[in-house]
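These notes concern the structure reproduced below.
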Amino acid sequence: MSNRVSMRIKLGWVGIAACSLWLSGCAQHYASVYEIPFKDPKFKACVLKKGITDTSQFTELDCSHYGITSASEITNFQNLETLDLAFNKLQHLDISDNENLKVVSLEGNRLAYLDVSDNDDIKVVNVSNNPLSRLELSRKQNVSYVNIGNTRIKHFRHKGQITTLIVE
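All letters in the sequence shown, in the order written, are residues -31 to -1, 1 to 137 by mature numbering (1 follows the signal peptide of the UniProt record, and there is no 0).
As structure tokens, this is what we get:
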């Protein structure tokens, strides 16, 4: 085998290995809270304080008033139904992987971005007192309570029977 062919094969395998590592890192969910590499020590402290080690055992999580700036690891808690991250310092949050969420309380943060695209079972959403300018609930049929008071949301579309809508 020529050196050129040998070099191409080696580079090909290196590329495949690098892509595999990159892709597996994107989709990795940790089974134990002790394995999660938390970005924010305050979020980690709140999660550990609950005394539950198995991420699949979390059905509700209240980490309000902790001063949390990042909660991106929330994707590891696949069975969450209730999430309270109110009165923290969050600017961005993607909870679309938490497909079992029904109640989300995020008021009093600094949220400019929130992704609820795959949260079809969501019923209660409180994002009041955030600089959020958009909240997409137009395909969510189960939503019954929405609080968008003191946000930058000018147009709000929804589907289904919202029984309570707070806009101021």
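Ideal Cβ placement from N, Cα and C applies to all residues, glycine included.
Sheet register partners of residue i (DSSP bridge)
| i | result |
| --- | --- |
| V94 | V73 and V115 |
| T133 | Y114 |
| Y82 | H61 |
Candidates the options: closest to residue i by CA position
| i | options | result |
| --- | --- | --- |
| N111 | S1, G129 and V73 | G129 |
| Y82 | V94, K71 and N99 | N99 |
| L30 | R121, T120, V72 and T38 | V72 |
| R108 | N119, I131 and K123 | I131 |
| T44 | Y114, A14, D84 and S113 | D84 |
| I37 | T22, H124, I135 and K13 | K13 |
Beta carbon of residue i nearer than 8 Å to that of residue j
| i | j | result |
| --- | --- | --- |
| I64 | L52 | yes |
| G77 | F46 | no |
| L104 | V93 | no |
| N69 | D90 | yes |
| S102 | R126 | no |
Length of the line joining the Cα atoms of residue i and residue j
| i | j | result |
| --- | --- | --- |
| L(-9) | E137 | Note that L(-9) scores 40 on pLDDT, short of 50, meaning its location in the model is unreliable and no value can be drawn from it. |
| S74 | S33 | 9 Å |
| N50 | F27 | In the sequence as displayed, the identity of residue 50 is Glu instead of Asn. Looking at the two C-alpha atoms, the distance is approximately 8 Å. |
Limits of the alpha helix (DSSP H) - the one that residue i falls within
| i | result |
| --- | --- |
| L17 | P10 to K18 |
Proximity test, residue i beta-carbon vs the ligand NAD heavy atom, cut-off 7 Å
| i | result |
| --- | --- |
| I91 | Judged by which ligands are present, the structure shown has none, so any question about the ligand NAD falls away. |
For residue i, the first and last residue of its enclosing beta strand (DSSP E)
| i | result |
| --- | --- |
| Y4 | Reading off the sequence shown, one finds Glu at residue 4, where the question assumed Tyr. Neither: E4 is in no beta strand (DSSP E) and is coded neither H nor E. |
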